[in-house]
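What follows is a short report on a single structure.
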Amino acid sequence: MTVGGFVALLIAAIGAAYAGLVIHAAPHRRDNVMFGLLAATDAAMTAWRGVNALAGVPIIDASCLMPCAIGTIVMALLSIEFMFSFPRQRAMSWPWRAAMLAWAGVAVWTVIATKLGPSSIYVNTELVFF
Numbered sequence: 044m045t046v047g048g049f050v051a052l053l054i055a056a057i058g059a060a061y062a063g064l065v066i067h068a069a070p071h072r073r074d075n076v077m078f079g080l081l082a083a084t085d086a087a088m089t090a091w092r093g094v095n096a097l098a099g100v101p102i103i104d105a106s107c108l109m110p111c112a113i114g115t116i117v118m119a120l121l122s123i124e125f126m127f128s129f130p131r132q133r134a135m136s137w138p139w140r141a142a143m144l145a146w147a148g149v150a151v152w153t154v155i156a157t158k159l160g161p162s163s164i165y166v167n168t169e170l171v172f173f
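Numbering (the working numbering), first residue to last: 44 to 173.
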């Protein structure tokens with residue numbers, strides 16, 4: 044067991060509490076909800092890394108990288124949704140959201156379909172999404 048795993052879980056707990064506060068502060072405002080979900084996703088990814096570190100799994104292992112890569116795509120989508128609705132603007136229209144979700148779906152597929160190995164293997168995902 045490592046101290047880093049405990050620290051990561053502590054940071055994740057603080058992030059989750061912050062996400063809850065942001066959403067609870069104004070649950071009727073879309074920008075607050077999107078920012079809270081963004082913080083919650085980041086906290087979940089940090090918690091996943093902490094659990095892996097406590098289990099003795101390297102954070103560069105495929106079992107840790109795959110969920111974090113997908114979580115990064117989710118965070119990018121939530122960031123776009125947040126920026127679109129900030130401050131107190133309308134939500135993104137469904138045709139744009141559908142296109143964004145299809146784009147993210149292709150990116151998630153490239154993450155899953157890519158053979159895990161050296162760091163240069165995510166070039167397809169980078170070209171498709173980032």
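Positions of the beta carbon are idealized from the N, C-alpha and C atoms, including for glycine. None of these values were measured; they are calculated from a predicted model.
Beyond the five residues adjoining it in sequence on each side, Val65 comes within less than 7 Å, by CB distance, of Asn75, Phe78, Gly79 and Ala82 in the same chain, given in chain order. Proximity to Arg92 across His67, Ala147, Phe49 and Met118 peaks at Phe49, based on C-alpha coordinates. Taking C-beta separations shorter than 6 Å and ignoring five residues to either side along the sequence, the partners of Thr153 in its chain run Asn167, Thr168 and Val171, following chain order. Distances from the CA of Leu52 to each of His71, Ala90 and Ala59 were compared; the closest alpha carbon is that of Ala90. Sorting Pro70, Ala87 and Ala62 by C-alpha distance to the C-alpha of Thr115 places Ala87 at the top. For the segment 101 to 159, the continuous alpha helix (DSSP H) assignments of 4+ residues that do not extend past its boundaries occur at 105 to 128 and 137 to 156, in sequence order.
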